[in-house]
Structure formats: C-alpha cells, structure tokens
Amino acid sequence: MRRPLAILAGVLLTGAFTLPASAAPGDEDFTIKDPRITESSGLAASRQHPGIYWTHNDQDTGAYLYAVDSSTGETVATITMTGVGTPRDVEAISMGPDNQLYVGDIGDNDGVQWPYVWIYRLPEPRTLKDQTIRATQYVVKYTDGTRDAESMVVHPKTGRVYIIDKHEDGGHLYEGPAELSPSGTNVFKPTVPVDMWATDAAFSPDGRTLAVRGYLGGIAYDWNGGKLKRLERISVPLGQGESASYSPDGNKLMLGMEGAGSTVVAEDAPGAAGSSDSATGSGSSASGEDGDTSGSNLKVGAIALAAACVALFGLRRLFRRR
Numbered sequence: 139m140r141r142p143l144a145i146l147a148g149v150l151l152t153g154a155f156t157l158p159a160s161a162a163p164g165d166e167d168f169t170i171k172d173p174r175i176t177e178s179s180g181l182a183a184s185r186q187h188p189g190i191y192w193t194h195n196d197q198d199t200g201a202y203l204y205a206v207d208s209s210t211g212e213t214v215a216t217i218t219m220t221g222v223g224t225p226r227d228v229e230a231i232s233m234g235p236d237n238q239l240y241v242g243d244i245g246d247n248d249g250v251q252w253p254y255v256w257i258y259r260l261p262e263p264r265t266l267k268d269q270t271i272r273a274t275q276y277v278v279k280y281t282d283g284t285r286d287a288e289s290m291v292v293h294p295k296t297g298r299v300y301i302i303d304k305h306e307d308g309g310h311l312y313e314g315p316a317e318l319s320p321s322g323t324n325v326f327k328p329t330v331p332v333d334m335w336a337t338d339a340a341f342s343p344d345g346r347t348l349a350v351r352g353y354l355g356g357i358a359y360d361w362n363g364g365k366l367k368r369l370e371r372i373s374v375p376l377g378q379g380e381s382a383s384y385s386p387d388g389n390k391l392m393l394g395m396e397g398a399g400s401t402v403v404a405e406d407a408p409g410a411a412g413s414s415d416s417a418t419g420s421g422s423s424a425s426g427e428d429g430d431t432s433g434s435n436l437k438v439g440a441i442a443l444a445a446a447c448v449a450l451f452g453l454r455r456l457f458r459r460r
C-alpha cells in the first residue's frame, strides 16, 4: 500500500500549497512615512524601479519630487527640479513613454485664476538617490478660459497629455497638442464630459482604461480613442483623496490621501476579478474588506496542510487494518 499512499500524499500536499501568487512589488497598501510629505497630491508608479511610487506636495518649499518605496513607506530619493519657475500648486504626476515623468502645476490654491499653468517633464532617474535634474517647462492655456484642475494624465502609448478640470457637477477632458512645445503656449481644448468631481486620474499601463477619482468615489472609462465609454464605478477611501495610479502590472489601482502619514490603498483594478461590478456599480468597501488577502491565504494554506496530514495518517491506519 506504500505506492497509493505516496500518490495520495502528493495530491493532498499539492492542494495544500497551491495558493494564489503573492502580490507583485507595488501592489499592496502602504503608508507614506516621510514627514516632509504632508499634502501628497499625485502618484505615479515607476517602471524602472519595482515598488517605487513618485509623489509630491501640492505646495512645497521647492520643486521637489519624492520616490517612496511601497514596501517600507520610506522615501529613497528626493529629486530637485531645475529649469522651472517657482511652483504654485502642483496637483498631478504621470509617467509617460520612455520613462518620462510629467508633473502638473495646474491647480488654483486660494482661488487664484492663473492666466496660464505649467507642465514639467523630466526623465526618471536610473539611480535612486538625492539629485538635481533639469526639467522642461511647458506653458498651458485652455481654449475656454481659466480652469481649476487637479488631474493630469499622459497616455502611455502616444505620450499625449490630458487634463480634467475640477467641477462639483462634473468636468471635461481637455486634450493637449500631439506634442508639447517648450516655446510658446500649448492650448488644451475640451473634448468629452467627465461625470466626476475629479481630484486625480490615471491610465492603465496598456492605455485602454482611464480611471478618474474624487473624494467620494470614482469612475472607470473605456478610453475608446478618447471618446470615453463608462465602464464601472470605483470605490475609494473616504477623505481628502487626491492621488491615483495603477500599479506597474495594472492589477491594482493605488489610491492615496493627503495629510502627514497618509495611506495609499490598493484596490482591484477596474475589470479585474473582485473589482467593482460594472452592472451594479457596487465596489469593495472603503474599510478595506477586499484589500490585501495574503494573511487569509496563508491561513487557508495552513488549514489545508493540517487537513491533509490528518487525512493521510487516518488512511494509513485504515489501510494497515486491512
């Protein structure tokens, strides 16, 4: 009876250890620990450095970007941008093609109506260390006058830049030129409505989905070549939520908050298993009931292993009696 028992043991133990794969770097909740980061208003996942997210304050003492390690919550590099003016209200950051970081100085803190706003572009550094990097500054205007905006995205395939203005009753997607010009003015024009009081947005890594978030919820759109089609609602942590990014693998939507020691919550990306239902619009709870499942997976594995051992030894006794 040794051979049947050995086969049975292999089957039981294989089942016990067949667990869902562990989360990829940058796919889990984390807390930003840097005391300098008190108003995290944008978030962008690095493509060169697994688990690293770039963020910034909306108002700071200089033109700074911070590289935060999501596995520890610690800042591992601070970038000082040169070649730009004094930032006014930096509200967004996005990763474009060729590892180019785009920074949107597009807000209107204190209700100031700026006649123009700025976008900065710089290469993501290959080495994570404190350093100074020269950025290219672009002047931006809108065809229909001044706008309050906190959401700027760069299409990961085309490199085209888009801004969503911020209105309580919903805003519009504004499309920039096919290529930004560092000389002269870059005019952004409204294209389609966005049914959200938008505080940030993010493209999926494949550029097919645009996720837009606000303080109380979010919406996922099929990009559809810029002719947005609503897909489903997105659950967001309640509070001063002003940042969003997809994880590098596109499996999670990372949703950040303002404030010292703020938390970034990982939700299933729109369309992924366990994400919001596109028909009902029901999503995971803000309390994180559908968040990290690694602990529960470990418990399931341990229970399965114990059950396998009990079954194995029980069957051995049964076979011995025969």
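Under the numbering used here, residues 139 to 460 are what the sequence shown spells out, in order.
Even for Gly, the Cβ is constructed at its ideal location relative to N, Cα and C.
The structure displayed is predicted, hence computed values, not measured ones.
**Prompt:** Would you call S434 buried or exposed, if buried means 16 or more other Cβ atoms sit within 10 Å of its Cβ?
**Reply:** Its pLDDT being 39, under 50, S434 is placed unreliably in this model, and the coordinates cannot settle the point.
**Request:** Taking only the alpha-carbon atoms, compute the straight-line gap between I217 and K279 and give it to the nearest angstrom.
**Result:** Each residue's Cα considered, the two are about 27 Å apart.
**Message:** Within a Cβ cutoff of 7 Å, which residues of the same chain sit near P375, ignoring the five residues on either side of it in sequence?
**Reply:** So the list reads L393, M395, V403 and A424, once near-sequence residues are dropped.
**Request:** Starting from the Cα of G355, find the closest Cα among M334, I231 and A287 and give me that residue.
**Result:** Measuring from the Cα of G355, the nearest candidate turns out to be M334.
**Prompt:** For W361, which residues of its own chain have a beta-carbon under 7 Å away from its beta-carbon, when the five flanking residues on both sides are left out?
**Reply:** Same-chain partners within the cutoff: G345, R346, T347 and L348.
**Residues near D303 by beta carbon distance below 7 Å, same chain, minus five either side** = Closer than 7 Å at the Cβ level, and outside the excluded window around D303, lie R285, D286, A287, G309, H310 and Y312.
**Prompt:** Helix, strand or coil: which one does DSSP assign to P328?
**Reply:** If DSSP states are grouped into helix, strand and coil, P328 belongs with the strands.
**Message:** By the three-class DSSP mapping on this structure, what secondary structure does N389 have?
**Reply:** Reduced to three states, the DSSP call for N389 is coil.
**Message:** Can you look up D248 in the DSSP assignment and give me helix, strand or coil?
**Reply:** Reduced to three states, the DSSP call for D248 is helix.
**Message:** Looking at P408: is its Cβ nearer than 9 Å to the Cβ of E370?
**Reply:** A contact, by the Cβ cut-off of 9 Å.
**Message:** Just verifying my parser: in three-state terms, what is the DSSP assignment at G180?
**Reply:** In this structure, G180 counts as strand in the three-state DSSP scheme.
**Asked** Does DSSP classify D282 as helix, strand or coil?
**Response** Three-state result, D282: coil.
**Through-space distance from V332 to V325, alpha-carbon basis** = Between V325 and V332, the C-alpha separation is close to 19 Å.
**Prompt:** Out of Y202, D196 and G388, which has the shortest C-alpha to C-alpha gap to P294?
**Reply:** Nearest option by C-alpha distance: G388.
**Message:** Among E212, L203 and F341, whose alpha-carbon lies nearest the alpha-carbon of S289?
**Reply:** Residue F341 is the option with its Cα nearest to S289.
**Message:** With a threshold of 8 Å on Cβ separation, who are the neighbours of A205 within its own chain once the five nearest residues in sequence on each side are excluded?
**Reply:** Cβ neighbours of A205 beyond the five flanking positions: S184, H187, I190, Y191, W192, T213, V214, A215, T216, I217 and L266.
**Message:** If you follow the beta strand (DSSP E) that G356 is in, where does it begin and where does it stop?
**Reply:** That run of the beta strand (DSSP E) goes G356 to D360.
**Request:** Note the first and the last residue of the continuous beta strand (DSSP E) segment covering L366.
**Result:** Run containing L366: none; DSSP gives neither H nor E here.
**Request:** Determine the burial state of Y384: buried for a count of at least 16 other Cβ atoms within 10 Å of its Cβ, exposed for fewer.
**Result:** By the 10 Å Cβ count, Y384 comes out buried.
**Request:** Compute the beta-carbon to beta-carbon distance between E177 and S208, rounded to the nearest angstrom, for a pair I have assumed lies under 8 Å.
**Result:** Your pair E177 and S208 does not check out as a contact, with CB atoms roughly 19 Å apart and the cut at 8 Å.
**Message:** Suppose you measure from the CA of Q238 to the CA of L366; what does that come to, to the nearest Å?
**Reply:** In this model, Q238 and L366 are separated by some 25 Å (Cα to Cα).
**Prompt:** Excluding five sequence neighbours on each side, which residues of the same chain lie with their C-beta closer than 7 Å to the C-beta of F168?
**Reply:** Around F168: S208, G211 and V402.
**Asked** When you compare each of S179, Y258, V241 and K390 to P163 by their alpha carbons, which one comes out closest?
**Response** The shortest CA-to-CA distance from P163 to any of S179, Y258, V241 and K390 is the one to K390.
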